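Line order of the protein sequences matches chains A and B.
Quick note: the first sequence uses the numbering used here, first residue 1, plus one each step.
Quick note: the second sequence uses the numbering used here, first residue 235, plus one each step.
The beta carbon of each residue, even a glycine, is placed where N, CA and C say it ideally should be.
Quick caveat: nothing in here was measured; it's all calculated off a predicted structure.
Following: one structure in structure tokens, then a few remarks.
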Amino acid sequence: MHISNGIIDGPVAAVFAALALAVLTFCVLRGRRDLDDRLAPMAGLVAAFIFAVQMLNFPIFTAGVSGHLLGGALAAMLVGPWVGALCVAVVLVVQALVFGDGGVAMLGLNITNMALLGTAAAYVLIALLLRVLPRTPTGLAVTAFVSALVSVVVASQGFVLQYWLGGTTDLGGNLTGLAGTMAGVHLLIGIGEGLITATTVVTVAKVRPDLVYALRALKPAVPAPAVPVAGGAR
Amino acid sequence: MGAGHAHVLYRESSSRVHRLPPEVKIVAMVLFTVAVVATPREAYWAFGGYALLVGAVAALARVGPRWLLGRALIELPFVLFAFALPFFGTGERVEVAGLSLSVDGLHGAWNILAKGTLGVLASLLLAATTTTRDLIVGLDRLRCPQILTQIATFMLRYLDVLVGEARRMRVARVSRGDDPRFLWQLRGFAAGVGALFLRAFERGERVYLAMVSRGYTGRMPAVWQGAGAATAGQWAAAATVPVIAASIAAVALVLT
């Protein structure tokens with residue numbers, strides 16, 4: 001999914017860089033409100049986790065594109081959409097600056113696809129599904145799985161849109177083929193991503209439900225489960 | 235966990251490039267990449283010029299060509315796309331060794347390979363000469379919002395926590411009779427991924443609270459102490475690279 005230098009032309013890359021910068025600024029303003037002593041280490045860990053899983057790369061030889069897990073849904077689930085988008089963006093910036101994954105000049109495109117589109121699609125679905133589905137571990141697992149799956153496919157179609165706008169080589173009628181291959185492959189990746197996201201989120205929700213942002217944000221009215229007061233009568 | 239202050243790509247040295255403040259190197263590297271990408275793909279000589287420039291900086295930083303080219307293979311999965319273009323491109327076609335290839339596609343493949351490789355080499359040079367701590371200090375001095383540098387700091391620190399925690403869990407599994415080989419490790423890993431996350435979080439949370447109780451406010455001490463920020467001379471020295479690159483790009487734009 002990382003676009004390297006030269007695949008998309010300069011003007012389109014510049015437009016997307018401006019777009020990504022504007023949205024990220026908004027995320028910084030909103031994210032500052034969310035980031036407290038509990039969320040700060042969580043955001044760092046989520047970013048590190050995403051960094052680690054993104055190193056697993058599957059080259060897709062038929063289309064010549066590489067695919068990997070994205071982590072947008074996990075971030076949206078655990079630290080919320082604003083800080084979540086920032087986490088994925090930080091991963092992408094560090095990868096581009098130091099590891100040469102994805103071109104520096106293409107950073108705007110990569111951030112738009114993976115950090116913004118992926119996380120936004122995931123969070124919309126999370127907000128929707130958590131209201132509809134029953135409040136059980138199964139419901140939470142289904143929410144995590146579906147939102148991760150859809151967010152990966154949406155992010156891959158972001159690349160197709162950008163290639164259509166500013167691809168350096170005219171593929172003619174093969175653009176639909178590109179869209180199909182990207183969607184198909186990312187559907188498979190999405191299943192893997194969905195499974196990882198669901199197991200991680202369900203485990204965390206079972207032991208430390210206070211750490212799952214989506215559960216905190218979406219049911220403020222429901223009283224927290226009775227936690228024995230530390231240092232009580234003992 | 236006492237180590238982990240540098241990353242795998244860092245090359246310990248005290249060359250002139252290593253001693254430059256990080257913010258200067260980051261800006262030079264980004265501007266260089268933008269100049270490369272803005273160059274028209276038909277100006278083949280310009281890319282030769284960029285390659286020479288990268289070679290000169292590498293020599294100055296005492297980074298060997300073998301290390302640089304070996305590490306550059308990391309981009310291989312990302313540029314595989316380039317090799318498909320000559321077959322799927324449209325328009326005028328030429329016969330090369332019995333294959334019908336699109337001229338536009340060949341140009342496109344060259345474009346991606348040349349610009350992609352130069353970008354990777356530039357970022358490898360930055361990585362080889364800058365520690366992760368310096369990288370974050372540099373981003374902070376470039377007025378990167380504190381929430382981002384804070385996430386980046388924890389991310390780089392927790393990578394070591396995650397890897398260490400995963401190793402400990404693997405040793406625990408093996409010592410209880412598990413016999414993981416090659417792909418079968420994945421099953422054990424997948425089953426433990428949630429536990430890994432929680433254990434790493436709780437370890438990280440303790441570290442964070444310990445940092446807060448010792449006066450951490452979200453910024454690296456080197457930044458608010460204000461020592462070691464770049465001088466005008468250092469900015470000028472590092473500016474030579476992007477200035478040369480920009481002139482090459484400008485000439486190429488005029489000529490084509």
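Is there a Cβ from chain A that is less than 7 Å from the Cβ of residue 259 of chain B?
-> Residue 259 of chain B sits at position 25 when you count from the first residue of the second sequence. False, the Cβ-Cβ gap to chain A never drops below 7 Å.
If contact means a Cβ-Cβ distance below 9 Å, which residues of the segment 350-370 of chain B contact chain A?
-> 350, 351, 352, 353, 354, 355, 356, 357, 358, 360, 361, 364, 366, 369
Compute the beta-carbon to beta-carbon distance between residue 268 of chain B and residue 105 of chain A, rounded to the nearest angstrom, for a pair I have assumed lies under 8 Å.
-> Translated into the one-based positions of the second sequence, residue 268 of chain B becomes position 34. Translated into the one-based positions of the first sequence, residue 105 of chain A becomes position 105. Rounded, the Cβ-Cβ distance is 5 Å, consistent with contact.
Which residues in the same chain as residue 212 of chain A place their Cβ atom closer than 7 Å to its Cβ, once the five residues preceding and following it in sequence are excluded?
-> Your numbering for residue 212 of chain A matches position 212 in the first sequence. Excluding residues within five positions, the ones whose Cβ falls inside 7 Å are 77, 78, 201, 204, 205.
Identify the residues that DSSP records as bridge partners of residue 167 of chain A: which are they?
-> Here residue 167 of chain A corresponds to residue number 167 of the first sequence, with the count starting at 1. DSSP output for residue 167 of chain A lists A:8 as bridge partner(s).
Apart from the five residues just before and just after residue 103 of chain A, which ones in its own chain have a Cβ nearer than 6 Å to its Cβ?
-> Locating residue 103 of chain A in the first sequence gives position 103, where the first residue counts as 1. 4, 5.
Taking all protein chains shown into account, decide if residue 164 of chain A is buried (16 or more other Cβ within 10 angstroms of its Cβ) or exposed.
-> Taking the first residue of the first sequence as 1, we reach residue 164 of chain A at position 164. That one is exposed.
Determine the closest residue to residue 388 of chain B out of B:356, B:454, B:405, B:375, with distance taken between C-alpha atoms.
-> Walking along the second sequence from the start, residue 388 of chain B turns up at place 154. Comparing Cα-Cα distances from residue 388 of chain B to each of B:356, B:454, B:405, B:375, the minimum goes to B:454.
What is the residue span of the alpha helix (DSSP H) that residue 110 of chain A lies within?
-> Along the first sequence, one-based indexing puts residue 110 of chain A at 110. Residues 107-110.
Check the C-beta distance from residue 98 of chain A over to residue 361 of chain B and give it rounded, since I have them as a contact under 8 Å.
-> Walking along the first sequence from the start, residue 98 of chain A turns up at place 98. Walking along the second sequence from the start, residue 361 of chain B turns up at place 127. About 4 Å separates the two Cβ atoms, so the contact holds.
Evaluate the contact criterion for the segment 39-57 of chain A versus the segment 434-453 of chain B: three or more CB pairs, one atom per stretch, below 8 Å.
-> yes
Could you confirm whether any beta carbon from chain B is found closer than 7 Å to the beta carbon of residue 197 of chain A?
-> Translated into positions along the first sequence, residue 197 of chain A becomes position 197. It does not; no Cβ of chain B falls within 7 Å.
If you measure from the beta carbon of residue 126 of chain A to each beta carbon in chain B, is any gap under 7 Å?
-> To locate residue 126 of chain A, count along the first sequence from 1; it is residue 126. Cβ-Cβ to chain B under 7 Å: no for residue 126 of chain A.
Comparing the C-beta of residue 64 of chain A with each C-beta of chain B, is any distance below 7 Å?
-> In the first sequence, the residue the question calls residue 64 of chain A occupies position 64. Any reading at residue 64 of chain A must be qualified, since the residue scores a pLDDT of 44, below 50, and its modelled position is unreliable; the value itself is stated next. Closer than 7 Å: yes.
Where the segment 202-215 of chain A meets chain B: residues whose CB sits under 9 Å from a CB there = 202, 203, 204, 206, 207, 208, 211
Given a threshold of 16 other Cβ atoms within 10 Å of its Cβ, counted over all protein chains shown, does residue 256 of chain B qualify as buried or as exposed?
-> On the second sequence, residue 256 of chain B is found 22 positions in, with the first residue counted as 1. Buried, since its Cβ has 16 or more Cβ neighbours within 10 Å.
Below 7 Å between beta carbons: does that hold for residue 247 of chain B and residue 296 of chain B?
-> Along the second sequence, read from residue 1 onward, the residue named residue 247 of chain B stands at position 13. Along the second sequence, read from residue 1 onward, the residue named residue 296 of chain B stands at position 62. Yes; because the gap between Cβ atoms is below 7 Å, this pair is in contact.
Report the option in B:372, B:446, B:307 whose CA atom is closest to the CA atom of residue 347 of chain B.
-> For this step, residue 347 of chain B is matched to residue 113 along the second sequence. Looking at the Cα atoms, B:307 is the closest of the given residues.
Quick one: is residue 137 of chain A near chain C, going by C-beta distance under 7 Å?
-> Within the model displayed, chain C is absent; protein chains A and B are what it includes.
Taking only beta-carbon positions, decide if residue 15 of chain A is within less than 7 Å of chain B.
-> Looking up residue 15 of chain A in the first sequence gives position 15. So no, residue 15 of chain A is outside the interface.
Give a yes or no on whether the minimum CB-CB distance between residue 239 of chain B and chain A is below 7 Å.
-> Taking the second sequence and counting its residues from 1, the one referred to as residue 239 of chain B is at position 5. Legend: pLDDT at residue 239 of chain B = 49, less than 50; position of this residue unreliable, value from coordinates given subsequently. For residue 239 of chain B, the answer is no, since every Cβ of chain A falls outside 7 Å of its Cβ.
Residue-level contact to chain A via CB, residue 271 of chain B, 7 Å cutoff | For the purposes of this step, residue 271 of chain B is taken as residue 37 along the second sequence, with counting starting at 1. At least one chain A Cβ lies under 7 Å of residue 271 of chain B.
Spatial distance of residue 264 of chain B from residue 292 of chain B (CA atoms) | Counted from its first residue, the second sequence places residue 264 of chain B at position 30. Counted from its first residue, the second sequence places residue 292 of chain B at position 58. Looking at the two C-alpha atoms, the distance is approximately 16 Å.
Partner residues on chain A for residue 298 of chain B, Cβ-Cβ distance less than 9 Å = Within the second sequence, the letter at position 64 stands for residue 298 of chain B. The contacting residues do not exist; residue 298 of chain B stays about 17 Å from chain A at best.
How close, in whole Å, do the beta carbons of residue 490 of chain B and residue 277 of chain B come, if the pair is a contact with beta carbons under 8 Å?
-> Locating residue 490 of chain B in the second sequence gives position 256, where the first residue counts as 1. Locating residue 277 of chain B in the second sequence gives position 43, where the first residue counts as 1. Contact holds; Cβ gap of about 5 Å.
Do three or more CB pairs link the segment 385-400 of chain B to the segment 80-100 of chain A at distances below 8 Å?
-> yes
Alpha carbon to alpha carbon, how far is residue 13 of chain A from residue 184 of chain A? Give it in angstroms, no decimals.
-> As a working mapping, residue 184 of chain A is identified with position 184 in the first sequence. As a working mapping, residue 13 of chain A is identified with position 13 in the first sequence. Going from the Cα of residue 184 of chain A to the Cα of residue 13 of chain A covers about 25 Å.
Taking residue 375 of chain B and residue 463 of chain B to be in contact with their CB atoms under 8 Å, please state how far apart those CB atoms are, rounded to whole angstroms.
-> Indexing the second sequence from 1 puts residue 375 of chain B at position 141. Indexing the second sequence from 1 puts residue 463 of chain B at position 229. The pair is a contact, with the Cβ atoms about 6 Å apart (cut-off 8 Å).
Check whether the Cβ atoms of residue 153 of chain A and residue 190 of chain A lie closer than 7 Å to each other.
-> Mapped onto the first sequence, residue 153 of chain A falls at position 153. Mapped onto the first sequence, residue 190 of chain A falls at position 190. Yes, they are a contact pair.
Buried versus exposed, by CB contacts within 10 Å (16 or more), residue 298 of chain B = In the second sequence, the residue the question calls residue 298 of chain B occupies position 64. Residue 298 of chain B is exposed by the Cβ-count criterion.
Residue 159 of chain A, buried or exposed, once every other Cβ within 10 Å from all chains shown has been counted against 16 = Within the first sequence, residue 159 of chain A is the residue found at index 159, counting from 1. Residue 159 of chain A is buried by the Cβ-count criterion.
Looking only at C-alpha atoms, which of A:150, A:136, A:88, A:25 sits nearest to residue 125 of chain A?
-> The residue given as residue 125 of chain A occupies position 125 in the first sequence. Answer by Cα proximity: A:150.
Any chance you could list the beta strand (DSSP E) runs of at least 3 consecutive residues sitting entirely within the segment 352-413 of chain B, in chain order?
-> none
Neighbour-count burial assignment, residue 364 of chain B, 16 or more Cβ in a 10 Å radius = Counted from its first residue, the second sequence places residue 364 of chain B at position 130. Classification of residue 364 of chain B: buried, given that the 10 Å Cβ count is 16 or more.
Quick one: residues in its chain with C-beta nearer than 8 Å to the C-beta of residue 229 of chain A, no 5 flanking neighbours on either side, listed in chain order?
-> Locating residue 229 of chain A in the first sequence gives position 229, where the first residue counts as 1. Only weak support exists for where residue 229 of chain A lies, its pLDDT of 45 falling under 50; the value from the coordinates is given anyway. None.
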